[in-house]
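**Q** Quick note: the sequence shown uses the working numbering, first residue 19, plus one each step.
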Amino acid sequence: MRTLVFVTSLVIFAGLAFSGPAVTRADEGNIKVAEAKAESNFPDGIKFSVIASSVDEIDDIRVFFSKVDQKGRSAYRSVDFEPGTHVVGESILPSGSGGNYFPPGTMIEFSFEVRDKAGAVLRTETQEFVYQDNRFEWDTVVEDLITVYYYGEYVRNRAVTVLEAAKENLERMLPVLGITPTEPLRIVSYNNYRHMSSALPFRSQAVSEGLQTQGMAFSNERVLLVHGFDPTVTGTVSHEFTHLLVAEAAGKAYTQVPSWLNEGLAEYGNIDPTDDYEAALRYGIFTRRIKPLWYLSSFGGTPEDIIIAYGQARSVVQYMIDNYGPDRMAALFPVLQRTL
Numbered sequence: 019m020r021t022l023v024f025v026t027s028l029v030i031f032a033g034l035a036f037s038g039p040a041v042t043r044a045d046e047g048n049i050k051v052a053e054a055k056a057e058s059n060f061p062d063g064i065k066f067s068v069i070a071s072s073v074d075e076i077d078d079i080r081v082f083f084s085k086v087d088q089k090g091r092s093a094y095r096s097v098d099f100e101p102g103t104h105v106v107g108e109s110i111l112p113s114g115s116g117g118n119y120f121p122p123g124t125m126i127e128f129s130f131e132v133r134d135k136a137g138a139v140l141r142t143e144t145q146e147f148v149y150q151d152n153r154f155e156w157d158t159v160v161e162d163l164i165t166v167y168y169y170g171e172y173v174r175n176r177a178v179t180v181l182e183a184a185k186e187n188l189e190r191m192l193p194v195l196g197i198t199p200t201e202p203l204r205i206v207s208y209n210n211y212r213h214m215s216s217a218l219p220f221r222s223q224a225v226s227e228g229l230q231t232q233g234m235a236f237s238n239e240r241v242l243l244v245h246g247f248d249p250t251v252t253g254t255v256s257h258e259f260t261h262l263l264v265a266e267a268a269g270k271a272y273t274q275v276p277s278w279l280n281e282g283l284a285e286y287g288n289i290d291p292t293d294d295y296e297a298a299l300r301y302g303i304f305t306r307r308i309k310p311l312w313y314l315s316s317f318g319g320t321p322e323d324i325i326i327a328y329g330q331a332r333s334v335v336q337y338m339i340d341n342y343g344p345d346r347m348a349a350l351f352p353v354l355q356r357t358l
């Protein structure tokens, strides 16, 4: 039986704020918070805003935040405001091309802490917020843990195609990776590459000149960006979605998973593969450009080198699973967590 796909409209119109009356906690004294919200400031990050008052001068405000899928890893930023008994403050959580980058679709939890000179402290209730590319008005299709964000008229069917590709990949890869995901996974589908490119982080010169990115996974945020109208979209979605699942299987050891294993599994999970990588592998063998696996802990070089590496990784992982079975591959990841 075909599972019903629910279509919803985002309450946060292109990443606008979740806001409302703040629920306070102990020792708040005379502090009152009239507004506490976050809003997308794409592509520069998230803007936090707060309006507060007290009988005594407010002299310190901080905003605490964490990615929803990274419990226990919180941080805070100071809020800029002029001290007084009635204050309006703002703080920007930047998203840039360096280590601060986070993609559209990132979900965070945030709250404000307000202090005055009398020693009172108020902590607002924790709210959830999804960072969005606010150039567009977003809708969603949702099933179980998977949410696909899309925009534009007559695009829903394409979003459902993206969702179905992710579902098929999930069913294929769970036995191979030995996991049972419990946290949401989000896919942001763009209508063309020009729209998507503004949301991507900086890419290496070799890749940006020779290979056009059709999708990219961000394991820390459990988010996938994809060009939803590319002819290879089902293959791209299933390949990149596998990276999110591999990250869950590897846990804290994910950054140490060699590229040949990560990309080889992603191609194994590709539900609509092309013969490009197979042809590249044959070419690499013919020209004696195949490298030992230890050399492929990360992929680099020319676009041609990278495509050959993908073909080699795909072949090696296919051999491992065909000869030893998915159970042995699933058993590998707990070992990686202990040894890497």
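From the three backbone atoms N, C-alpha and C, an ideal C-beta is built for every residue, glycine too.
#1: For the candidate residues V159, P122, A348, R332, whose alpha-carbon lies nearest to that of P61?
#2: Going by C-alpha distance, which of A331, T305, L195 is nearest A265?
#3: Evaluate the contact criterion for the region 67–79 versus the region 102–109: three or more CB pairs, one atom per stretch, below 8 Å.
#4: Residue range of the alpha helix (DSSP H) that G253 falls in?
#5: Let's see if you can read the secondary structure: which residues bound the beta strand (DSSP E) around F83?
#6: Buried or exposed: which applies to G284, given that a residue is buried once 16 or more other Cβ atoms fall within 10 Å of its Cβ?
#7: Does the Cβ of I110 have 16 or more other Cβ atoms within 10 Å, making it buried, or fewer, making it exposed?
#8: Would D157 and Y168 qualify as a contact pair, given that the criterion is a beta-carbon distance under 8 Å?
#9: Just to confirm my understanding: we take V41, look at its own chain, exclude 5 residues before and 5 after, and list those with CB closer than 8 Å. What are they?
#10: Restricting to Cα atoms, I'd like to know which of A267, R212, R153 is closest to H245.
#11: Under 6 Å Cβ to Cβ from N288, same chain only, skipping five residues before and after it: list those, please.
#12: Enumerate in chain order the residues of its own chain whose CB-to-CB distance from T260 is below 7 Å, with the five nearest sequence positions on each side excluded.
#13: Distance check for G170 and E57, CA to CA, integer angstroms please.
#14: Whose C-beta lies closer than 7 Å to the C-beta of P276 among residues of the same chain, with five residues either side of it excluded?
#15: Output needed for A331: all residues of its chain with C-beta closer than 6 Å, excluding positions within five of it in sequence on either side, in chain order.
#16: Does the beta-carbon of Q145 have 16 or more other beta-carbons within 10 angstroms, so that it is buried, or is it exposed?
#17: Of all the alpha helix (DSSP H) runs that stay within the bounds of the region 286–338, which reach a length of 4 or more residues?
#18: Return yes when the Cβ of I79 is within less than 8 Å of the Cβ of V148, no when it is not.
#19: So, under 8 Å CB-CB, A136 and G47 are touching, yes? Tell me the CB distance rounded to an integer number of Å.
#20: In chain order, what residues of the same chain have a beta carbon less than 8 Å from the beta carbon of M125, not counting five sequence neighbours either side?
#21: Any idea if G302 is buried or exposed, counting beta-carbon neighbours within 10 angstroms, 16 or more meaning buried?
#22: Taking buried to mean at least 16 other C-beta atoms within 10 Å of its own C-beta, is D98 buried or exposed?
#23: Considering only residues of the same chain and omitting the five flanking positions on each side of F82, which have a CB-CB separation below 7 Å?
#24: Looking at C-alpha atoms only, which residue of G63, N59, D45, S71 is the closest neighbour of V51?
#25: For T198, which residues in the same chain have their Cβ closer than 6 Å to its Cβ, ignoring the five residues on either side in sequence?
#26: Quick check on the burial criterion: 16 or more other C-beta atoms within 10 angstroms. Buried or exposed for V206?
#27: Since N210 and F154 should fall inside the 8 Å C-beta cutoff, what is the C-beta to C-beta distance between them, to a whole number of angstroms?
#28: Should the region 319–335 be called in touch with the region 290–302, which here means at least 3 C-beta pairs below 8 Å?
#29: Could you check the C-alpha separation between T250 and E189 for me, to the nearest Å?
#30: Using beta-carbon positions only, say whether S113 and G63 come within less than 8 Å of one another.
#31: Would you identify the three-state DSSP class for D98, choosing helix, strand or coil?
#32: Could you spell out where the alpha helix (DSSP H) holding T357 opens and where it closes?
#33: If you measure between the beta carbons of A268 and Q355, is that distance less than 8 Å?
#34: Do you know how far the Cα of G102 is from the Cα of A138?
#35: Using DSSP's beta-bridge definition, name the partner residues of L242.
**A** Taking the geometry as given:
#1: Working through the sequence shown from its first residue, we reach residue 61 at position 43. Checking every option, the nearest Cα to that of P61 belongs to P122.
#2: Taking the sequence shown and counting its residues from 1, the one referred to as residue 265 is at position 247. Here the closest residue by C-alpha is L195.
#3: Taking a contact to require three or more Cβ pairs closer than 8 Å, the region 67–79 and the region 102–109 qualify as touching.
#4: Start at 1 with the first residue of the sequence shown, and residue 253 comes out as number 235. Looking at the DSSP string, the run of the alpha helix (DSSP H) that includes G253 is 251–268.
#5: Within the sequence shown, the letter at position 65 stands for residue 83. 63–85 is the span of the beta strand (DSSP E), which, as asked, contains F83.
#6: By one-based count along the sequence shown, residue 284 stands at place 266. Here the sequence assigns Ala to residue 284, which means Gly is not the residue at that position. Under this definition A284 is a buried residue.
#7: Reading the sequence shown from its first residue, position 92 is the one you call residue 110. I110 should be labelled exposed.
#8: For the purposes of this step, residue 157 is identified with residue 139 of the sequence shown, where counting begins at 1. For the purposes of this step, residue 168 is identified with residue 150 of the sequence shown, where counting begins at 1. The answer is yes: Cβ separation under 8 Å.
#9: Counting from 1 along the sequence shown, the entry for residue 41 is found at position 23. Confidence at V41 is low in this model, with a pLDDT of 46, below 50, so the placement of that residue should be treated as unreliable; the coordinate-derived value is given next. Here V41 has T142, E143 as same chain residues with Cβ atoms under 8 Å from its own Cβ, once five neighbours each way along the sequence are excluded.
#10: Counting from one through the sequence shown, the residue named residue 245 turns up at place 227. Here the closest residue by C-alpha is R212.
#11: For the purposes of this step, residue 288 is identified with residue 270 of the sequence shown, where counting begins at 1. Taken in chain order, the residues that qualify are G253, S256, H257.
#12: Position 242 of the sequence shown, counted from the first residue, corresponds to residue 260. Correct list, in chain order: N187, M191, L283, A284, G287.
#13: Along the sequence shown, read from residue 1 onward, the residue named residue 57 stands at position 39. Along the sequence shown, read from residue 1 onward, the residue named residue 170 stands at position 152. Near 21 Å, if we compare the C-alpha coordinates of G170 and E57.
#14: Position 258 of the sequence shown, counted from the start, is the residue given in the question as residue 276. Same-chain partners within the cutoff: L314, S315.
#15: Here residue 331 corresponds to residue number 313 of the sequence shown, with the count starting at 1. Excluding sequence neighbours, A331 sits near W278, E281, G282.
#16: Here the question's residue 145 lines up with position 127 in the sequence shown. Buried, since its Cβ has 16 or more Cβ neighbours within 10 Å.
#17: 294–304
#18: Residue 148 sits at position 130 when you count from the first residue of the sequence shown. Residue 79 sits at position 61 when you count from the first residue of the sequence shown. Cβ atoms of V148 and I79: not closer than 8 Å.
#19: Looking up residue 136 in the sequence shown gives position 118. Looking up residue 47 in the sequence shown gives position 29. A136 to G47, Cβ: 6 Å. Contact.
#20: One-based indexing of the sequence shown puts residue 125 at position 107. Here the set comprises K85, V86, D87, E146, F147, V148, Y149, P202, R204, E239.
#21: What you label residue 302 is simply residue 284 of the sequence shown in a count that begins at 1. With 16 or more other Cβ atoms within 10 Å, it is buried.
#22: Here residue 98 is taken as the residue at index 80 of the sequence shown, counted from 1. Per the 10 Å Cβ criterion, exposed.
#23: On the sequence shown, position 64 is the one that residue 82 refers to. Excluding residues within five positions, the ones whose Cβ falls inside 7 Å are S92, Y94, F128, S129, E131.
#24: Reading the sequence shown from its first residue, position 33 is the one you call residue 51. The option with the nearest alpha carbon to V51 is S71.
#25: Numbered from its first residue, the sequence shown carries residue 198 at position 180. Same-chain partners within the cutoff: there are none.
#26: On the sequence shown, position 188 is the one that residue 206 refers to. Result: buried.
#27: Working through the sequence shown from its first residue, we reach residue 210 at position 192. Working through the sequence shown from its first residue, we reach residue 154 at position 136. The pair is not a contact, with the Cβ atoms about 12 Å apart (cut-off 8 Å).
#28: yes
#29: Residue numbering aside, residue 250 sits at position 232 when the sequence shown is read from its first letter. Residue numbering aside, residue 189 sits at position 171 when the sequence shown is read from its first letter. Rounded to the nearest angstrom, the two C-alpha atoms are 20 Å apart.
#30: Position 95 of the sequence shown holds residue 113. Position 45 of the sequence shown holds residue 63. A contact, by the Cβ cut-off of 8 Å.
#31: Counting from one through the sequence shown, the residue named residue 98 turns up at place 80. Correct three-state label for D98: strand.
#32: Translated into the one-based positions of the sequence shown, residue 357 becomes position 339. Start and end: 344–357.
#33: Translated into the one-based positions of the sequence shown, residue 268 becomes position 250. Translated into the one-based positions of the sequence shown, residue 355 becomes position 337. Taking 8 Å as the Cβ cut-off, A268 and Q355 qualify as a contacting pair.
#34: Residue numbering aside, residue 138 sits at position 120 when the sequence shown is read from its first letter. Residue numbering aside, residue 102 sits at position 84 when the sequence shown is read from its first letter. The alpha-carbon atoms of A138 and G102 are separated by roughly 14 Å.
#35: Start at 1 with the first residue of the sequence shown, and residue 242 comes out as number 224. BP columns for L242 point to I205, A235.
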